[in-house]
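To start, the structure itself, in structure tokens.
If you want it as structure tokens, here you go:
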């Protein structure tokens, strides 16, 4: 949890409790304010998580108890208000726990909608969305970027001979190698099967060459451990002029990749797209 970012939420939640308790005290015991005590609990739970929700459940219960003790007529037994407070506390904590679980479920669903389940890379849909945003930004500010499209050569032999489990393991190893080699600002996605795309924002051809050649070396080291001759073909297009669509951006890098395949595979082809194309 980022305490600096959460601090305003903690303060707002505490002030809400004080305000609700004050209004509860002023209006007296005949007017119920029970549901309003849930507002700071919901706010803090959603913004900070379950521990914060539980803490504010206790604070809300205590504030409600104090307002109740100050305004209600005498109970028939001294423990009754404390029993009521414990019941409220149980309900508040239940709300905080359920709300926290709901948020985690929604976050997991959101993550799954943008992540390839096998490699944990961006899936093709989310990668295309990211590419669209980056290309629009680059066009607006006059920046350049590079995009690499990579296909694993002879991958089908692994699936056909060793089985899909071995193929899946190889894809996971490739994904891990890519993540460990590229820069933190680069974005990689699995486009389907054994094809991967790497977006290198604000990266010219020379910088892209440095990153991708280093990646190629790491991949070749990985492929040495495979029983079959596995290589890669990669095309990298650096864009000085930005095409109108993300599909066109992808297609140009894909075409470069196929040129590598035609010329013997296991290589990277770099090219520059500008106004003269």
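Residue numbers (the working numbering): 2 to 278. Built from N, CA and C at the ideal position, the CB exists for glycine as well. Keep in mind that this is a model prediction, so the values were computed, not measured.
Are residue i and residue j closer than 8 Å when you measure CB to CB?
i, j, result
"residue 190", "residue 122", "yes"
"residue 147", "residue 182", "no"
"residue 42", "residue 93", "yes"
"residue 45", "residue 90", "no"
"residue 240", "residue 111", "no"
"residue 155", "residue 229", "yes"
"residue 150", "residue 255", "yes"
"residue 227", "residue 171", "yes"
"residue 223", "residue 237", "no"
"residue 269", "residue 214", "yes"
"residue 106", "residue 243", "no"
"residue 97", "residue 55", "yes"
"residue 247", "residue 129", "yes"
"residue 61", "residue 26", "no"
"residue 127", "residue 138", "no"
Got a sec? Which residues, its chain only, sit under 7 Å from residue i by beta carbon, not counting five neighbours each side?
i, result
"residue 87", "none"
"residue 7", "48, 49"
"residue 103", "none"
"residue 266", "154, 232, 234"
"residue 186", "202"
Going by DSSP, which residues form a beta bridge with residue i?
i, result
"residue 229", "Answer is none; residue 229 lacks a bridge partner."
"residue 1", "The requested residue 1 does not occur in the structure, where the chain is confined to residues 2 to 278."
"residue 154", "232"
"residue 182", "None; residue 182 has no bridge partner."
"residue 116", "123"
Spatial neighbours of residue i within its chain, please: CB distance less than 6 Å, with the 5 preceding and 5 following residues excluded, ordered by chain position.
i, result
"residue 277", "Interpretation of residue 277 is limited by its pLDDT of 48, a score under 50 that renders its predicted location unreliable; the figure taken from the coordinates is listed afterwards. The answer is none, since no qualifying residue turns up."
"residue 31", "none"
"residue 53", "45"
"residue 117", "124, 191"
Along the beta strand (DSSP E) that carries residue i, what are the first and last residues, could you check?
i, result
"residue 268", "268 to 274"
"residue 189", "188 to 193"
"residue 255", "Note, residue 255: premise wrong, no beta strand (DSSP E); alpha helix (DSSP H) at 247 to 263."
Which residues mark the beginning and the end of the alpha helix (DSSP H) in which residue i is found?
i, result
"residue 69", "51 to 72"
"residue 37", "No alpha helix (DSSP H) contains residue 37, which DSSP labels as neither H nor E."
"residue 1", "Beyond the ends of the chain as shown, which are 2 and 278, falls residue 1; an answer cannot be given."
"residue 217", "206 to 224"
Rounded to the nearest angstrom, how far is the Cβ of residue i from that of residue j, given a contact under 8 Å?
i, j, result
"residue 1", "residue 153", "Lying outside 2 to 278, the shown extent of the chain, residue 1 is not represented and no answer is given."
"residue 173", "residue 119", "7 Å"
"residue 36", "residue 132", "Incorrect: roughly 46 Å between the Cβ atoms, too far for contact."
"residue 271", "residue 210", "6 Å"
"residue 201", "residue 212", "6 Å"
"residue 64", "residue 134", "Not quite, the Cβ-Cβ distance comes to about 45 Å (not below 8 Å), so this is no contact."
Does at least one heavy atom of the ligand FMN sit under 7 Å from the Cβ of residue i?
i, result
"residue 175", "Within the structure as shown, the ligand FMN is missing, as the structure has no ligands at all."
Please list, in chain order, all residues of the same chain as residue i whose beta carbon is under 8 Å from its beta carbon, the five residues on each side excluded.
i, result
"residue 82", "66, 69, 70, 73, 76"
"residue 28", "34"
"residue 193", "125"
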